[in-house]
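Below is one structure, written out as structure tokens; comments come after it.
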Amino acid sequence: MNEFTNKEISISDLPQFEVVQLQPIHPSYYKVILINIGVVFTSLGIGLAVLSYFKEDFFSNRIWMLIGASYTVLLTISLLFSRLSFKYKSYAFREHDAIYKSGVVSQTTTIVPYKRIQHVALHQGLFSRYFGLASLELFTAGGSSTDLEINGLTLEDAQRYKIWIIQKIDTLIEESEEESTIKIDV
9 MNEFTNKEIS ISDLPQFEVV QLQPIHPSYY KVILINIGVV FTSLGIGLAV LSYFKEDFFS
69 NRIWMLIGAS YTVLLTISLL FSRLSFKYKS YAFREHDAIY KSGVVSQTTT IVPYKRIQHV
129 ALHQGLFSRY FGLASLELFT AGGSSTDLEI NGLTLEDAQR YKIWIIQKID TLIEESEEES
189 TIKIDV
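Each residue of the sequence shown is one higher than the last, beginning at 9 in our numbering.
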């Protein structure tokens, strides 16, 4: 019978994800971000223009000037923030897990072990498809949303990572089943 042990672990003995060389997302993905911002602000601008055309007296001139200034400030902030956030997005696939780092004000590092992944999906939006990019989505048990989504991968890389992760999951399942099989000699 195995004797139970519960040894103390030193913080220096723990693996350090900070030393992992993370890969930046593909540079063309920034173009996708810019197009998305452009679509949102163009739609908003058209909506405001239609409102001002049909309802000239809806707001006073002072309010329209305030709306125009706010629109410009929000567009500028969105462009600056998107550029900064793009620079901070990076990822890595290791032997046992996937890592994704993002965030400007508050940086978040998400690590998903392959043994927890239930489903892997590859997604291409309209603009991402045009640039040959894709997103890889990793789902774990118990969640209805994506646990990890890595945007801005080339389609070829996303497909290769997806296949590799699925094979890794299959291997882990087989190993788990072998370990749980009880041999009975009769």
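Just so it is clear, CB atoms sit at the ideal spot from N, CA and C, and this is done for glycine as well. Note that the coordinates shown come from a computational prediction; the quantities given were computed from them, not determined experimentally.
According to DSSP, what are the bridge partners of THR20? By 1-based counting over the sequence shown, the position of residue 20 is 12. Here residue 20 is Ser; the residue named in the question, Thr, does not match the sequence. The partner list for SER20 (beta bridge, DSSP) is empty, contrary to what the question assumes.
Which of the three DSSP states, helix, strand or coil, is assigned to ALA166? Locating residue 166 in the sequence shown gives position 158, where the first residue counts as 1. The answer is helix: DSSP assigns ALA166 an H, G or I state.
Of the residues TYR37, VAL113, LYS176 and ILE33, which one's Cα is nearest the Cα of TYR122? Along the sequence shown, read from residue 1 onward, the residue named residue 122 stands at position 114. Across the set TYR37, VAL113, LYS176 and ILE33, the C-alpha of LYS176 shows the shortest separation from the C-alpha of TYR122.
State the start and end residues of the unbroken alpha helix (DSSP H) segment that holds LYS95. Within the sequence shown, the letter at position 87 stands for residue 95. 69-95 is the span of the alpha helix (DSSP H), which, as asked, contains LYS95.
Pairwise C-alpha distance: SER184 and LYS109: Against the sequence shown, residue 109 aligns to sequence position 101. Against the sequence shown, residue 184 aligns to sequence position 176. So the two alpha carbons sit approximately 30 Å from each other.
Is the beta carbon of VAL48 sitting closer than 8 Å to the one on PHE139? For the purposes of this step, residue 48 is taken as residue 40 along the sequence shown, with counting starting at 1. For the purposes of this step, residue 139 is taken as residue 131 along the sequence shown, with counting starting at 1. Contact check for VAL48 against PHE139 fails: the beta carbons are separated by 8 Å or more.
Which one or two residues does DSSP pair with ASP176 in a beta bridge? Locating residue 176 in the sequence shown gives position 168, where the first residue counts as 1. According to the sequence shown, residue 176 is Lys rather than Asp. Beta-bridge pairing links LYS176 to no other residue.
Cα-Cα separation, ALA106 to LEU82: Position 98 of the sequence shown holds residue 106. Position 74 of the sequence shown holds residue 82. Rounded to whole angstroms, ALA106 to LEU82 spans 34 Å at the Cα level.
Less than 8 Å between the C-beta atoms of ALA142 and GLN132, yes or no? Locating residue 142 in the sequence shown gives position 134, where the first residue counts as 1. Locating residue 132 in the sequence shown gives position 124, where the first residue counts as 1. One thing to note: ALA142 has its Cβ within 8 Å of the Cβ of GLN132.
Spatial neighbours of LEU87 within its chain, please: CB distance less than 8 Å, with the 5 preceding and 5 following residues excluded, ordered by chain position. As a first step, residue 87 is located in the sequence shown; it is residue number 79 there, counting from the start. LEU42 and ILE45, listed in sequence order.
Based on the DSSP secondary-structure assignment, which residues constitute the bridge partners of GLN31? The residue given as residue 31 occupies position 23 in the sequence shown. GLN31 is bridged to TYR99.
Return the CA-CA distance between VAL120 and PHE67, expressed in angstroms with no decimal places. For the purposes of this step, residue 120 is identified with residue 112 of the sequence shown, where counting begins at 1. For the purposes of this step, residue 67 is identified with residue 59 of the sequence shown, where counting begins at 1. Going by the C-alpha atoms only, they are around 50 Å apart.
Could you work out which residue in TYR38, SER51, THR179 and LEU130 is closest to GLU103 when comparing CA atoms only? Taking the first residue of the sequence shown as position 1, residue 103 is located at position 95. When only C-alpha atoms are compared, the closest one is THR179.
In this structure, does DSSP put THR13 in helix, strand or coil? Taking the first residue of the sequence shown as 1, we reach residue 13 at position 5. Here THR13 sits in coil by DSSP.
Can you tell me whether TYR96 is buried or exposed, with buried defined as 16 or more other CB within 10 angstroms of its CB? For the purposes of this step, residue 96 is identified with residue 88 of the sequence shown, where counting begins at 1. It counts as exposed.
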